[in-house]
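Residue numbers (the working numbering), protein chains in the order written: chain A, 142 to 442; chain B, 142 to 442. Right, one structure below, let's go through it.
There are 2 protein chains.
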Amino acid sequence: MSILVVGTVAFDSIETPSGSAERVLGGSASYFAMGASFFAPVRIVGVVGKDFPEEYIDLFQRRNIDLQGLRRESGDTFHWRGRYHEDLNVRDTVELHLNVLAGFVPRLPEAYRDAEYVFLGNIDPEMQLEVLSQLRCFRMVACDTMDHWIHNSLPALRKVLGKIEMLVVNDSEARLLSGETNIVRAARAILKMGPKTVLIKRGEYGVLQFSESAVFAVPAYPLEEVFDPTGAGDSFAGGFLGQLARSANAGEGAARRAIVYGSVVASFTVEDFGLKRLGSLSMEEIEERYRRFVALTDFHS
Amino acid sequence: MSILVVGTVAFDSIETPSGSAERVLGGSASYFAMGASFFAPVRIVGVVGKDFPEEYIDLFQRRNIDLQGLRRESGDTFHWRGRYHEDLNVRDTVELHLNVLAGFVPRLPEAYRDAEYVFLGNIDPEMQLEVLSQLRCFRMVACDTMDHWIHNSLPALRKVLGKIEMLVVNDSEARLLSGETNIVRAARAILKMGPKTVLIKRGEYGVLQFSESAVFAVPAYPLEEVFDPTGAGDSFAGGFLGQLARSANAGEGAARRAIVYGSVVASFTVEDFGLKRLGSLSMEEIEERYRRFVALTDFHS
Numbered sequence: 142m143s144i145l146v147v148g149t150v151a152f153d154s155i156e157t158p159s160g161s162a163e164r165v166l167g168g169s170a171s172y173f174a175m176g177a178s179f180f181a182p183v184r185i186v187g188v189v190g191k192d193f194p195e196e197y198i199d200l201f202q203r204r205n206i207d208l209q210g211l212r213r214e215s216g217d218t219f220h221w222r223g224r225y226h227e228d229l230n231v232r233d234t235v236e237l238h239l240n241v242l243a244g245f246v247p248r249l250p251e252a253y254r255d256a257e258y259v260f261l262g263n264i265d266p267e268m269q270l271e272v273l274s275q276l277r278c279f280r281m282v283a284c285d286t287m288d289h290w291i292h293n294s295l296p297a298l299r300k301v302l303g304k305i306e307m308l309v310v311n312d313s314e315a316r317l318l319s320g321e322t323n324i325v326r327a328a329r330a331i332l333k334m335g336p337k338t339v340l341i342k343r344g345e346y347g348v349l350q351f352s353e354s355a356v357f358a359v360p361a362y363p364l365e366e367v368f369d370p371t372g373a374g375d376s377f378a379g380g381f382l383g384q385l386a387r388s389a390n391a392g393e394g395a396a397r398r399a400i401v402y403g404s405v406v407a408s409f410t411v412e413d414f415g416l417k418r419l420g421s422l423s424m425e426e427i428e429e430r431y432r433r434f435v436a437l438t439d440f441h442s
Numbered sequence: 142m143s144i145l146v147v148g149t150v151a152f153d154s155i156e157t158p159s160g161s162a163e164r165v166l167g168g169s170a171s172y173f174a175m176g177a178s179f180f181a182p183v184r185i186v187g188v189v190g191k192d193f194p195e196e197y198i199d200l201f202q203r204r205n206i207d208l209q210g211l212r213r214e215s216g217d218t219f220h221w222r223g224r225y226h227e228d229l230n231v232r233d234t235v236e237l238h239l240n241v242l243a244g245f246v247p248r249l250p251e252a253y254r255d256a257e258y259v260f261l262g263n264i265d266p267e268m269q270l271e272v273l274s275q276l277r278c279f280r281m282v283a284c285d286t287m288d289h290w291i292h293n294s295l296p297a298l299r300k301v302l303g304k305i306e307m308l309v310v311n312d313s314e315a316r317l318l319s320g321e322t323n324i325v326r327a328a329r330a331i332l333k334m335g336p337k338t339v340l341i342k343r344g345e346y347g348v349l350q351f352s353e354s355a356v357f358a359v360p361a362y363p364l365e366e367v368f369d370p371t372g373a374g375d376s377f378a379g380g381f382l383g384q385l386a387r388s389a390n391a392g393e394g395a396a397r398r399a400i401v402y403g404s405v406v407a408s409f410t411v412e413d414f415g416l417k418r419l420g421s422l423s424m425e426e427i428e429e430r431y432r433r434f435v436a437l438t439d440f441h442s
């Protein structure tokens, strides 16, 4: 089962209370693809500039990520600069240079149009619609978004929500999109907009999954040190869809275990800057932490 | 197995975004005792004034709570007035009248001095030490505290921590007491102060339990409506120690299930103002929600 991700491939410059990193590989598609690559073959659709270095291409290729859909345009790669507060749940965007991302229209290579699992990363909902229109068939589409699109592109976003199976957002995005303060009501309101499932990411507090018939709640893996929260949400989504694709099981229990795999991947992501930890991670480490996660949460036996 | 609680019995005047309540029964000992009373016999040590009404005495007695240790002094009952923000995790104390609580020295009736499970509610650590000195023997002592005592009575509080098995605090109290921002490091630092177990309450995000050898994380029961968060933490502690006493099992699995029972009790507490919901609650409802809690969190099967 292969996975298609559409999103940003970026340079991130990051400052956290633990240190800083300059122009490291980032972006929603990068974090998602790296997280998913441990579980299933991944294909990226995105754009980079002429300044995008070979070492990052190599990093993707070492993880067998298919880059046929990653276009290289003249101009510079999308660059984000952010600063985290002492409270790592709060961050400021210091600089944002769209560069080659401005005017980018995703174009799926012919081989990508029969997708199985699709993740529409956090990009303009118009671009997400464009991708959906190019897919011939698919098994499941999940989608992310952010406050900027909820404020400025709501009609397009609502169209996207009418076409997808799953929305993956954080709690403040869920509240903003639904207009509900209470998170359970927020999720129920979003389910009425189209998705069959809503996954709500709560950072260090874990994840809530809502569907018509069930709710699943899982804490995050407690860490003694969080170096850099960047990409935690996207690598969570990658591990989650990756495990769904690996298990090829559409049942509720399989989806719950996939959420835990996603949480495990995210817990590694934040242990170092950018994609450094995921770059050196092994499937054995993921399975080992999954077992620890079971021990952490089990009260049933 | 009986449970002894020492703490406040108060009038609470509460304003939340959902409404308000004037001079309703509150205080740490009241919430704890009501929560624990579903599981095991409970004895209260505390003080009220001449203005304390019969209907509240009746409420305790209907739940078979032993009031031999509840002294009635001339003067008025302790009164707290608080206002919650739209974000229910934030509240302001608007008025605080200690009244008969000022100068109160807890005196354990003879029959209480051989206690089994003891909860030292959030009162002056000097009073907590006084209670400990009057106990002839006990099986397990848990203790709560708050920012006020951490700032103003740290030496006495450190003495308490050296004598008890378990500290039950919220995350900001754990950070303040330990001087650590990261919650895992905060808990590890507190374990070094004496307690064998630290329970960290995270409100709508659930509970973390730390001991030398294990960590347990559990989410909170998601609710569509939270009317009044007052007493959630104390009734959690009541349900937790109550279930520990009921099971009379000192194993790790039993402690984890007791934490879930505590979370279930707290989830009922916040569904209405003050002790209204606990006053009408039945053990069948608790068991039913416990089963829902299992369904909410289970990904192991």
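By construction, the Cβ of each residue, glycine as well, lies at the ideal position given by its N, Cα and C atoms.
Original post:
Of the residues that make up the segment 348-364 of chain A, which ones have a beta carbon closer than 7 Å to any beta carbon in chain B?
Top reply: The segment 348-364 of chain A vs chain B, Cβ under 7 Å: LEU349, VAL356, PHE357, ALA358, VAL359, PRO360, PRO363, LEU364.
**OP:** Run down chain B in chain order and give the residues with a C-beta less than 9 Å from the C-beta of SER346 (chain A).
**Re:** The residue labelled residue 346 (chain A) in the question sits at position 205 within the first sequence. Note on identity: in this sequence residue 346 (chain A) is Tyr, with Ser being the wrong assignment. By Cβ distance, chain B contributes ARG343, GLU345, TYR346, GLY347, PRO360.
Subject >> Cβ contact check for the segment 184-202 of chain A and the segment 393-405 of chain A: 3 or more pairs under 8 Å >> reply: The segment 184-202 of chain A makes no contact with the segment 393-405 of chain A, as fewer than three CB pairs between them are under 8 Å.
Original post:
In the DSSP assignment, what residue or residues form a beta bridge with SER352 (chain A)?
Top reply: The sequence position of residue 352 (chain A) within the first sequence is 211, counting from 1. As a beta-bridge residue in DSSP terms, SER352 (chain A) pairs with A:THR338.
**OP:** Measure the beta-carbon distance from GLN269 (chain A) to LEU249 (chain A) and round it to whole angstroms, keeping in mind my assumption that it falls under 8 Å.
**Re:** As a working mapping, residue 269 (chain A) is identified with position 128 in the first sequence. As a working mapping, residue 249 (chain A) is identified with position 108 in the first sequence. The distance from the Cβ of GLN269 (chain A) to that of LEU249 (chain A) is about 13 Å, inconsistent with a contact at the 8 Å cut-off.
**OP:** Taking only runs that begin and end inside the segment 195-245 of chain B, name each unbroken alpha helix (DSSP H) of 4 or more residues, in chain order.
**Re:** Fully enclosed alpha helix (DSSP H) runs of no fewer than 4 residues occupy 195-203 of the segment 195-245 of chain B, in order along the chain.
Original post:
How is the alpha helix (DSSP H) around TYR402 (chain A) delimited, first residue to last?
Top reply: Against the first sequence, residue 402 (chain A) aligns to sequence position 261. Taken as a continuous stretch (DSSP letters only), the alpha helix (DSSP H) holding TYR402 (chain A) covers 393-410.
**OP:** Grab me the residues of CYS278 (chain B)'s own chain with a C-beta within less than 6 Å of its C-beta, minus the 5 sequence neighbours each way, in chain order.
**Re:** In the second sequence, the residue the question calls residue 278 (chain B) occupies position 137. Same-chain partners within the cutoff: ASP255.
Original post:
With 16 as the cutoff for other CB atoms within 10 Å, does ALA355 (chain A) come out buried or exposed?
Top reply: Within the first sequence, numbered from 1, the residue matching residue 355 (chain A) stands at position 214. Exposed, because fewer than 16 other Cβ atoms sit within 10 Å of the Cβ of ALA355 (chain A).
**OP:** Leaving aside the five residues before and after TYR346 (chain B) along the sequence, list all residues of the same chain whose C-beta is less than 8 Å from its C-beta, in chain order.
**Re:** Counting from one through the second sequence, the residue named residue 346 (chain B) turns up at place 205. Sequence-distant Cβ neighbours of TYR346 (chain B) in its own chain, meaning closer than 8 Å and more than five residues away, are PRO360, ALA361.
Original post:
Just the Cα atoms here: how many angstroms apart are LEU208 (chain A) and ILE427 (chain A)?
Top reply: As a working note, residue 208 (chain A) is residue 67 in the first sequence. As a working note, residue 427 (chain A) is residue 286 in the first sequence. Approximately 24 Å between the Cα atoms of the pair.
Original post:
Is LEU437 (chain B) helix, strand or coil when you go by DSSP?
Top reply: Sequence index remark: in the second sequence, residue 437 (chain B) carries index 296 (1-based). It is helical.
Subject >> Proximity to GLU393 (chain B) [Cα-Cα], best of B:GLU236, B:LYS191, B:PHE351, B:GLY176 >> reply: Here the question's residue 393 (chain B) lines up with position 252 in the second sequence. The option with the nearest alpha carbon to GLU393 (chain B) is B:PHE351.
Original post:
Contact between the segment 169-185 of chain B and the segment 212-228 of chain B: three or more CB pairs below 8 Å?
Top reply: Judged by pairs of C-beta atoms under 8 Å, the segment 169-185 of chain B does not touch the segment 212-228 of chain B, as fewer than three such pairs exist.
Original post:
For the segment 304-328 of chain A, which residues have a CB atom closer than 8 Å to at least one CB atom of chain B, in sequence order?
Top reply: Cβ contacts with chain B: THR322, ASN323, ILE324, VAL325, ARG326.
Original post:
Excluding the five sequence neighbours on either side, which residues of its own chain have a C-beta within less than 6 Å of the C-beta of GLY383 (chain B), listed in chain order?
Top reply: Taking the second sequence and counting its residues from 1, one reaches residue 383 (chain B) at position 242. For GLY383 (chain B), same chain residues with a beta-carbon under 6 Å away, outside a window of 5 residues either side, are ALA177, PHE180, ALA181 in chain order.
**OP:** Measure the alpha-carbon distance for VAL406 (chain A) versus ALA386 (chain A) and round it to whole angstroms.
**Re:** As a working mapping, residue 406 (chain A) is identified with position 265 in the first sequence. As a working mapping, residue 386 (chain A) is identified with position 245 in the first sequence. The alpha-carbon of VAL406 (chain A) is positioned some 15 Å away from that of ALA386 (chain A).
**OP:** Assign LEU308 (chain A) to one of three DSSP states: helix, strand, or coil.
**Re:** Sequence index remark: in the first sequence, residue 308 (chain A) carries index 167 (1-based). LEU308 (chain A) falls in the strand class under three-state DSSP.
**OP:** Identify the continuous beta strand (DSSP E) that holds ILE137 (chain A) and give its terminal residues.
**Re:** A query on residue 137 (chain A) cannot be resolved here, the shown segment of chain A reaching from 142 to 442 and no further.
Original post:
From what residue to what residue does the alpha helix (DSSP H) around LEU302 (chain A) run?
Top reply: Looking up residue 302 (chain A) in the first sequence gives position 161. Per DSSP, LEU302 (chain A) is one residue of the alpha helix (DSSP H) stretching across 295-302.
**OP:** Determine which residues of the segment 378-395 of chain A have a Cβ less than 7 Å from any Cβ of chain B, and write them out in chain order.
**Re:** Of all residues in the segment 378-395 of chain A, the ones placed with a Cβ closer than 7 Å to any Cβ belonging to chain B are GLY394, in chain order.
Original post:
Under a Cβ-count criterion, where at least 16 other Cβ atoms within 10 Å of its own Cβ denotes burial, should ASN240 (chain B) be classed as buried or exposed?
Top reply: In the second sequence, the residue the question calls residue 240 (chain B) occupies position 99. It counts as buried.
Subject >> Test: LEU437 (chain A) CB closer than 8 Å to a CB of chain B >> reply: The residue labelled residue 437 (chain A) in the question sits at position 296 within the first sequence. Output row for LEU437 (chain A): interface = yes.
Original post:
Closer than 8 Å, CB to CB, is PHE368 (chain B) near chain A or not?
Top reply: As a working mapping, residue 368 (chain B) is identified with position 227 in the second sequence. No, no contact with chain A.
**OP:** Go ahead and pull the three-state DSSP assignment for ARG184 (chain B).
**Re:** Here residue 184 (chain B) refers to the residue found at position 43 when the second sequence is read from its first residue. In the structure shown, ARG184 (chain B) falls within a strand segment according to DSSP collapsed to helix, strand and coil.
**OP:** Could you tell me whether the segment 280-299 of chain B touches the segment 312-322 of chain B, where touching means 3 or more Cβ pairs closer than 8 Å?
**Re:** Counting C-beta pairs with one atom in each stretch, the segment 280-299 of chain B and the segment 312-322 of chain B have three or more that are closer than 8 Å, which means they touch.
Original post:
Would GLY190 (chain A) pass as a contact of SER169 (chain A) if the rule is Cβ separation under 8 Å?
Top reply: As a working note, residue 190 (chain A) is residue 49 in the first sequence. As a working note, residue 169 (chain A) is residue 28 in the first sequence. No, the pair does not count as a contact, with Cβ atoms beyond the cut-off.
**OP:** Tell me whether the beta-carbon of ILE155 (chain A) lies closer than 8 Å to the beta-carbon of PHE414 (chain A).
**Re:** Your numbering for residue 155 (chain A) matches position 14 in the first sequence. Your numbering for residue 414 (chain A) matches position 273 in the first sequence. A contact, by the Cβ cut-off of 8 Å.
**OP:** Name, going along the chain, the residues of the segment 399-425 of chain B whose beta-carbon falls closer than 7 Å to a beta-carbon of chain A.
**Re:** Taking 7 Å as the Cβ-Cβ cut-off, the segment 399-425 of chain B approaches chain A at VAL401, given in chain order.
Original post:
First and last residue of the alpha helix (DSSP H) that includes ALA177 (chain A)?
Top reply: Counting from one through the first sequence, the residue named residue 177 (chain A) turns up at place 36. From DSSP, the alpha helix (DSSP H) with ALA177 (chain A) extends over 169-177.
Original post:
For LEU249 (chain A), which three-state DSSP category applies?
Top reply: Counting from one through the first sequence, the residue named residue 249 (chain A) turns up at place 108. Three-state result, LEU249 (chain A): coil.
**OP:** Might you give, ordered along the chain, the residues of its own chain that have their beta carbon closer than 8 Å to the beta carbon of GLY216 (chain A), omitting 5 neighbours on each side?
**Re:** Position 75 of the first sequence, counting from 1, holds the residue named residue 216 (chain A). GLY190, LYS191, ASN240, VAL241.
Original post:
Closer than 8 Å, CB to CB, is ARG397 (chain B) near chain A or not?
Top reply: Within the second sequence, numbered from 1, the residue matching residue 397 (chain B) stands at position 256. Closer than 8 Å to some Cβ of chain A, the Cβ of ARG397 (chain B) qualifies, so yes.
Original post:
Using a Cβ cut-off of 7 Å, which residues of the segment 223-247 of chain A contact any Cβ in chain B, in chain order?
Top reply: Across the segment 223-247 of chain A, CB contacts with chain B closer than 7 Å involve GLU227, in sequence order along the chain.
Original post:
Can you name, in chain order, every residue of its own chain whose Cβ lies under 6 Å from the Cβ of ASP375 (chain B), other than the five neighbours on each side?
Top reply: Locating residue 375 (chain B) in the second sequence gives position 234, counting from the first residue. So the qualifying residues of the chain are SER169, TYR172, PHE173.
**OP:** Apply the 10 Å Cβ neighbour rule to GLY303 (chain A) and answer buried if 16 or more other Cβ atoms are within range, or exposed otherwise.
**Re:** Along the first sequence, read from residue 1 onward, the residue named residue 303 (chain A) stands at position 162. Result: exposed.
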